[in-house]
Amino acid sequence: YKILWKISKKRKKGVECPYFFIYILDNSEILFNVTKLYLLAFLYYRWKLNGTDVDIDCIATNSFGTIVSREAKLQFAYLENFKPRTRSTVSVRQGQGMVLLCGPPAHSGELSYAWIFNEYPSYQDNRRFVSQETGNLYIAKVEKSDVGNYTCVVTNTVTNQKVLGPPTPLILRNDGVMGEYEPKIEVQFPEMVPTAKGTTVKLECFALGNPVPTIIWRRADGKPIATKSNGILEIPNFQQEDAGLYECVAENSRGKNVAKGQLTFYAQPNWSQKINDIHVAIEENVFWECKANGRPKPTYRWLKNGEPLLTRDRIHIEQGTLNITIVNLSDAGMYQCVAENKHGVIFSSAELSVIAVGPDFSRTLLKRVTLVKVGGEVVIECKPKASPKPVYTWKKGRDVLKENERITISEDGSLRIINVTKSDAGSYTCIATNHFGTASSTGNLVVKDPTKVMVPPSSMDVTVGESIVLPCQVTHDHSLNIVFTWSFNGRLIDFDRDGDHFERVGGDSAGDLMIRNIQLKHAGKYVCMVQTSVDRLSAAADLIVRGPPGPPEAVTIDEITDTTAQLSWRPGPDNHSPVTMYVIQARTPFSVGWQAVNTVPELIDGKTFTATVVGLNPWVEYEFRTVAANVIGIGEPSRPSEKRRTEEALPEVTPANVSGGGGSKSELVITWEVKYWRHDDKEENARKIRTIGNQTSTKITNLKGSALYHLAVKAYNSAGTGPSSATVNVTTRKPPPSQPPGNIIWNSSDSKIILNWDQVKALDNESEVKGYKVLYRWSRQSSTSVIETNKTSVELSLPFDEDYIIEIKPFSDGGDGSSSEQIRIPKISSKNQIIFCCMILFEKCF
1 YKILWKISKK RKKGVECPYF FIYILDNSEI LFNVTKLYLL AFLYYRWKLN GTDVDIDCIA
61 TNSFGTIVSR EAKLQFAYLE NFKPRTRSTV SVRQGQGMVL LCGPPAHSGE LSYAWIFNEY
121 PSYQDNRRFV SQETGNLYIA KVEKSDVGNY TCVVTNTVTN QKVLGPPTPL ILRNDGVMGE
181 YEPKIEVQFP EMVPTAKGTT VKLECFALGN PVPTIIWRRA DGKPIATKSN GILEIPNFQQ
241 EDAGLYECVA ENSRGKNVAK GQLTFYAQPN WSQKINDIHV AIEENVFWEC KANGRPKPTY
301 RWLKNGEPLL TRDRIHIEQG TLNITIVNLS DAGMYQCVAE NKHGVIFSSA ELSVIAVGPD
361 FSRTLLKRVT LVKVGGEVVI ECKPKASPKP VYTWKKGRDV LKENERITIS EDGSLRIINV
421 TKSDAGSYTC IATNHFGTAS STGNLVVKDP TKVMVPPSSM DVTVGESIVL PCQVTHDHSL
481 NIVFTWSFNG RLIDFDRDGD HFERVGGDSA GDLMIRNIQL KHAGKYVCMV QTSVDRLSAA
541 ADLIVRGPPG PPEAVTIDEI TDTTAQLSWR PGPDNHSPVT MYVIQARTPF SVGWQAVNTV
601 PELIDGKTFT ATVVGLNPWV EYEFRTVAAN VIGIGEPSRP SEKRRTEEAL PEVTPANVSG
661 GGGSKSELVI TWEVKYWRHD DKEENARKIR TIGNQTSTKI TNLKGSALYH LAVKAYNSAG
721 TGPSSATVNV TTRKPPPSQP PGNIIWNSSD SKIILNWDQV KALDNESEVK GYKVLYRWSR
781 QSSTSVIETN KTSVELSLPF DEDYIIEIKP FSDGGDGSSS EQIRIPKISS KNQIIFCCMI
841 LFEKCF
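Residues in the sequence shown are numbered consecutively from 1, following UniProt numbering.
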């Protein structure tokens, strides 16, 4: 058998190890005295006391005190054999429910149960169930296959010992089959089941019936549960939210029955606040508090050196708090706070060490030299180690100091002197005394002249770009080191990082600050700080920086037309110089950057925050910004306004550079013109063509050749048309030749076809011939190839496998002339081609 305890306190070097005693609780008999114990993490021992169970606890003791462990119960597991007697035969009707009793023998320790059916394990299903509470075997509905011998097998889970009971025969009666009946719950859980936090709870439920009943689990409050249809409901890691009323429903076609039980939640005590070791001086007070959680709520008790501690005299106990006033040496020892409820008990242990020593300055000597300025205040600390608290006396030289309005001695022994004078300089001794002795320590007080600022910095107004020096000159005791520092708006100036603008200048007694190329960001409060080992002082000045105004804010387009925009804005910071004027700038997708625009009023003074922009172009997207200026300069521009498009308007400008010509006999290529009429027609009868978008050219077709036309252009948009351009006179070209090429002949050579025709002569009213177009294609194709030439002959490759279809027509400035009739040139057959080639080869041979 095995018992375990754990030593949680770490062994300290030079500290005595505790002795451990094992006690029987009812008679205080020492079972074991462990005098040599090395502090291992865990210790295991085997126990046996006359074969009986005993309750024990462990007590650890050394020269510092005693602590007690929680109780442990030694329980000796065993399992006896079944009594050797024959069990009676069980006779049931087919279809009837049945229970076979196990009746385990005498035992100690947890058991598990199983059954053997005709020398084979009996498996559980929806008809068969083995209760792990009683060991009984339940058959909901007996069938012919259930006839045989049944043996109960009992196992001790502690010792793994196993015993078999005598067999129980099961037979069927001959008086018929059992009819159907509603479920009868034979295995059910208690009405109240207390369950510990974090444990696994198992509830059993099984019913007899015909047909075989189904088992369903549910909660009365309707909350879902994981397992719903099994003879055992298992809830692992039980928590408070799992508590409640549970129901087992057994149901078949004949009816149903319900078993109910309440699962209640409890939790053993668990520490939320433990006690810790305390080392106090004699005659001081001690306060301990421990806190524990649990359900039900834990109660508390206190132990000192393993014995109960009660409220008396200087000791006051209230639940988890312990208060000891004016402690003495007898109060030293080991204390334990014990929290318990009916489900468990926990211990928290700590040592109370009471210190009683005479005054000792070995580690807390008075400061050897203390510096102070004339008129200042000084505190000389006196902190010897002593218990109880000592009485303090101070001497200057050999004379005992007496307290007055300038000199006081505090409760902790410190000496305080205010309004120090030169005469206060000298050696001072602190003397500490208690019941256990007296000790003293001496130090020197040195009085120095104070530091004074003779030339402090003064507030100034400056302009951006200037450079200035802020003075800071002092007088001081030259035996002391002096340090100058400057801060700007509450932050120390880093002269390395900000050296472009800041530099400290001056001698040993001057800490002047030079600021170069001042910008707006340098405006603010500057503080010169002077420090020595005896005093610290400062002087401040405000720097106002005047500069160009900041950007205006919230530029808004209040109203917009086709050519104007009404704007408003809020003034930005004037940087200590009033704004004298505002300028408005605009930007469009077509402009190069921001451009100044015309406004009404033309000049916008510094007190005007609205203006109208004029001269805008219609139907253009604009955005605006405002720039402020003062006598110092022009400031940064504001953020751009939202983008707004001006309204549309009729075109105001006539098209320029209108021209025409360049077309064929019936065409004119016109740029920007959409209105045209013949010379002998009236302008009001003119025809019109509109171009799309920003196209500035168009082609007019179906005109009469060699005729004079008048042309004019207007621009238009969705608002209407603008003014007309000046009229342009354009004459169409003469028509092309009307006669087709004649006398067309063709000849073939070794690899080519040569076409020849007569030259075409144009009539007086026709355009001169510029050349000829030969159009040819294969007879079975629709696409045509074109060869242009200024001669009256052309060469083509021989047509193989397909005929050529050929047309010839002249062309001129007035366009293409009339075409000749189609000419068909037959294909050259493969056979003829071979003979022709051979003839060529023969001729070359001779």
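Beta carbons: idealized from backbone N, C-alpha and C, even for Gly. Note that the coordinates shown come from a computational prediction; the quantities given were computed from them, not determined experimentally.
**OP:** Whole angstroms is fine: what's the gap from residue 861's alpha carbon to residue 208's?
**Re:** With the chain covering 1 to 846 only, the question about residue 861 has no answer from this structure.
Subject >> Unbroken beta strand (DSSP E) run spanning residue 554, endpoints >> reply: As a first step, residue 554 must be located in the sequence shown, where it is residue number 554. Start and end: 553–560.
Original post:
Just the Cα atoms here: how many angstroms apart are residue 629 and residue 592?
Top reply: Taking the first residue of the sequence shown as position 1, residue 629 is located at position 629. Taking the first residue of the sequence shown as position 1, residue 592 is located at position 592. Those two C-alpha atoms are separated by around 23 Å.
Subject >> One or two residues paired with residue 62 in a DSSP bridge >> reply: Along the sequence shown, one-based indexing puts residue 62 at 62. Bridge partners of residue 62: 65.
**OP:** Whole angstroms is fine: what's the gap from residue 32's alpha carbon to residue 343's?
**Re:** Within the sequence shown, the letter at position 32 stands for residue 32. Within the sequence shown, the letter at position 343 stands for residue 343. Residue confidence is low: residue 32 scores 46 on pLDDT, short of 50, so the model does not pin down where it sits. Its coordinate-derived value is still stated next. Residue 32 and residue 343: Cα-Cα distance of roughly 28 Å.
Original post:
From 330, 543, 319, 485, pick the residue whose C-alpha is nearest to that of residue 529; which is it?
Top reply: Position 529 of the sequence shown holds residue 529. Minimum Cα distance to residue 529 is reached at 485.
Subject >> The beta strand (DSSP E) enclosing residue 528, as first and last residue numbers >> reply: Numbered from 1 along the sequence shown, position 528 holds the residue referred to as residue 528. Run containing residue 528: 524–531, per the beta strand (DSSP E) assignment.
Subject >> Selected residue, minimal CA-CA separation from residue 140, among 265, 416, 97 >> reply: Translated into the one-based positions of the sequence shown, residue 140 becomes position 140. Residue 140 has its Cα closest to that of 97, out of 265, 416, 97.
**OP:** Could you check what DSSP says for residue 595 in three-state terms: helix, strand or coil?
**Re:** For the purposes of this step, residue 595 is identified with residue 595 of the sequence shown, where counting begins at 1. Three-state result, residue 595: strand.
Original post:
So the beta strand (DSSP E) residue 206 belongs to, where does it begin and stop?
Top reply: Within the sequence shown, residue 206 is the residue found at index 206, counting from 1. Residues 206–210.
**OP:** Determine the direct distance from the alpha carbon of residue 363 to that of residue 27, and round the result to whole angstroms.
**Re:** Taking the sequence shown and counting its residues from 1, the one referred to as residue 27 is at position 27. Taking the sequence shown and counting its residues from 1, the one referred to as residue 363 is at position 363. Since pLDDT at residue 27 reaches only 47, below the 50 mark, its modelled position is unreliable, and no value is offered.
Subject >> C-alpha distance - residue 847 paired with residue 491, whole-angstrom precision >> reply: Here the chain covers residues 1 to 846 and nothing more, so residue 847 does not appear.
Original post:
On the premise that residue 303 lies in contact with residue 338, defined as a C-beta separation below 8 Å, what is that separation, rounded to the nearest angstrom?
Top reply: On the sequence shown, position 338 is the one that residue 338 refers to. On the sequence shown, position 303 is the one that residue 303 refers to. Indeed, because the Cβ distance is near 6 Å, the residues count as touching under 8 Å.
Original post:
Per DSSP, what kind of secondary structure is residue 412 in: helix, strand or coil?
Top reply: Here residue 412 corresponds to residue number 412 of the sequence shown, with the count starting at 1. Residue state, collapsed to three classes: coil.
Subject >> Test item: CB-CB of residue 585 and residue 612 under 9 Å >> reply: Position 585 of the sequence shown, counting from 1, holds the residue named residue 585. Position 612 of the sequence shown, counting from 1, holds the residue named residue 612. Taking 9 Å as the Cβ cut-off, residue 585 and residue 612 do not qualify as a contacting pair.
Original post:
DSSP on residue 262, reduced to helix/strand/coil?
Top reply: Reading the sequence shown from its first residue, position 262 is the one you call residue 262. The answer is strand: DSSP assigns residue 262 an E or B state.
Original post:
Can at least three beta-carbon pairs, one atom from the region 529–546 and one from the region 450–466, be found at a separation below 8 Å?
Top reply: yes
Subject >> Residue closest to residue 493, alpha-carbon to alpha-carbon, out of 475, 777, 480, 515 >> reply: Along the sequence shown, one-based indexing puts residue 493 at 493. Minimum Cα distance to residue 493 is reached at 515.
Original post:
Which partner residues of residue 148 appear in the DSSP bridge assignment?
Top reply: Here residue 148 refers to the residue found at position 148 when the sequence shown is read from its first residue. Looking at the DSSP assignment, residue 148 forms a beta bridge with 170.
Subject >> Alpha carbon of residue 441 to alpha carbon of residue 498, nearest angstrom >> reply: Numbered from its first residue, the sequence shown carries residue 441 at position 441. Numbered from its first residue, the sequence shown carries residue 498 at position 498. Rounded to whole angstroms, residue 441 to residue 498 spans 49 Å at the Cα level.
Original post:
By DSSP, does residue 585 sit in helix, in strand, or in coil?
Top reply: Your numbering for residue 585 matches position 585 in the sequence shown. If DSSP states are grouped into helix, strand and coil, residue 585 belongs with the strands.
**OP:** Tell me whether residue 276 is buried or exposed, calling it buried when 16 or more other Cβ atoms sit within 10 Å of its Cβ.
**Re:** Locating residue 276 in the sequence shown gives position 276, counting from the first residue. By the neighbour-count rule (16 or more Cβ atoms within 10 Å), residue 276 is not buried but exposed.
Original post:
Whose C-beta lies closer than 7 Å to the C-beta of residue 152 among residues of the same chain, with five residues either side of it excluded?
Top reply: For the purposes of this step, residue 152 is taken as residue 152 along the sequence shown, with counting starting at 1. 102, 113, 115, 135, 165.
Original post:
Got a sec, what are the start and stop residues for the beta strand (DSSP E) residue 473 sits in?
Top reply: Residue mapping note: residue 473 aligns to position 473 of the sequence shown, counting from 1. First-last of the beta strand (DSSP E) with residue 473: 473–475.
Subject >> Residues near residue 273 in its chain [Cβ-Cβ closer than 7 Å; skip 5 each side] >> reply: Stepping through the sequence shown from its first residue, residue 273 is reached at position 273. Answer for residue 273: 289, 290, 291, listed in chain order.
**OP:** Output the distance between the C-alpha atoms of residue 471 and residue 536, rounded to the nearest integer angstrom.
**Re:** As a working note, residue 471 is residue 471 in the sequence shown. As a working note, residue 536 is residue 536 in the sequence shown. C-alpha separation (whole angstroms): 18 Å.
Original post:
How would you call residue 824, buried or exposed, if buried means at least 16 neighbouring beta carbons within 10 angstroms?
Top reply: Stepping through the sequence shown from its first residue, residue 824 is reached at position 824. Per the 10 Å Cβ criterion, exposed.
**OP:** Select from 707, 712, 686 the residue whose C-alpha is nearest the C-alpha of residue 697.
**Re:** Stepping through the sequence shown from its first residue, residue 697 is reached at position 697. Nearest of 707, 712, 686 to residue 697, Cα basis: 712.
Original post:
In this structure, what does DSSP give as the bridge partners for residue 702?
Top reply: Mapped onto the sequence shown, residue 702 falls at position 702. Residue 702 is not bridged to any residue.
Original post:
Do residue 691 and residue 562 come within 9 Å of each other at the CB atom, strictly closer than that value?
Top reply: Mapped onto the sequence shown, residue 562 falls at position 562. Mapped onto the sequence shown, residue 691 falls at position 691. The answer is no: Cβ separation not under 9 Å.
**OP:** Decide if residue 44 is buried, meaning its Cβ has at least 16 other Cβ atoms within 10 Å, or exposed.
**Re:** Against the sequence shown, residue 44 aligns to sequence position 44. Its pLDDT being 36, under 50, residue 44 is placed unreliably in this model, and the value from its coordinates should be taken loosely. The residue is exposed, with fewer than 16 neighbouring Cβ atoms inside 10 Å.
Original post:
In terms of alpha-carbon separation, which member of 383, 249, 368, 300 lies closest to residue 348?
Top reply: Along the sequence shown, one-based indexing puts residue 348 at 348. Ranking the options by Cα distance to residue 348, first place goes to 300.
Original post:
Given a threshold of 16 other Cβ atoms within 10 Å of its Cβ, counted over all protein chains shown, does residue 368 qualify as buried or as exposed?
Top reply: The count along the sequence shown starts at 1 and reaches residue 368 at position 368. Exposed.
Original post:
Is residue 328 closer than 9 Å to residue 283 when the C-beta atoms are compared?
Top reply: The residue labelled residue 283 in the question sits at position 283 within the sequence shown. The residue labelled residue 328 in the question sits at position 328 within the sequence shown. Yes, the pair counts as a contact, with Cβ atoms nearer than the cut-off.
Original post:
Should residue 812 and residue 734 be called a contact, given that it needs their Cβ atoms to be closer than 9 Å?
Top reply: On the sequence shown, residue 812 is found 812 positions in, with the first residue counted as 1. On the sequence shown, residue 734 is found 734 positions in, with the first residue counted as 1. Yes, the pair counts as a contact, with Cβ atoms nearer than the cut-off.
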